[in-house]
Amino acid sequence: MNDRISLPEAARRANVSPTSVRRWIDAGKLKATKGREGSWNLSFEDLRTFLATVQPNRRATVAPPVAHPTHATPNSSLELEGYREALLEARTALERERRNNDELREQLKRFESEIFKLTSEMQALLSRDSPTGVLSRWVKSKIAS
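Position one of the sequence shown corresponds to residue 2 (this note's numbering), numbered consecutively onward.
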């Protein structure tokens with residue numbers, strides 16, 4: 002297998018940062034070539050062999066390149082189950098957020114209604130012409146004295 006992969010893809014497959022892969026290349030531990038655009042490319046088999054010597058238990062976790070990356074499919078039923086669980090968790094979280102948003106909207110409606118009532122009461126208390134404009138008359142009497 003002579004499939005070439007990019008440095009970020011190698012890092013993802015090895016479950017390390019791209020900086021780690023760059024260090025391995027700079028130290029001569031991993032063979033890589035620099036493309037015309039300046040990005041590093043390396044052989045998948047070289048990465049697999051390197052990981053098998055450095056960390057033997059990682060060999061099984063490094064999956065071969067997908068033939069069509071735009072149409073990536075799960076490699077095993079366990080991976081598919083992981084996708085299903087993640088999807089279920091996301092749906093549950095989304096439904097919880099929707100319920101929270103609905104509750105907040107209801108609270109906002111109640112607060113707006115209460116503010117409207119209080120505003121009307123304040124206007125009545127401060128009104129000059131209204132018989133209930135007691136506060137307005139009281140304030141005027143205090144200012145006059």
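Each residue gets a CB set at the ideal place from its N, CA and C atoms; glycine is no exception.
Throw me the rounded Cβ distance for the residue i and residue j pair, which I believe falls under 8 Å.
{"i": "K1", "j": "F51", "result": "Because the chain is modelled from 2 through 146, residue 1 falls outside the range shown and cannot be assessed."}
{"i": "A33", "j": "L43", "result": "4 Å"}
Among the options, which has the Cα closest to the Cα of residue i?
{"i": "T54", "options": "W25, E82, E80, K35", "result": "W25"}
{"i": "G40", "options": "E10, R49, A15", "result": "Residue identity check: residue 40 is Ser in the sequence provided, not Gly. Nearest option by C-alpha distance: E10."}
{"i": "R14", "options": "L48, E38, T20, T34", "result": "L48"}
{"i": "A12", "options": "R99, L81, S21", "result": "S21"}
So who's on the other strand from residue i, going by DSSP bridges?
{"i": "T34", "result": "N42"}
{"i": "S7", "result": "N42"}
Once DSSP output is grouped into helix, strand and coil, what is the label at residue i?
{"i": "A145", "result": "helix"}
{"i": "V17", "result": "coil"}
{"i": "A28", "result": "coil"}
{"i": "S128", "result": "coil"}
{"i": "A12", "result": "helix"}
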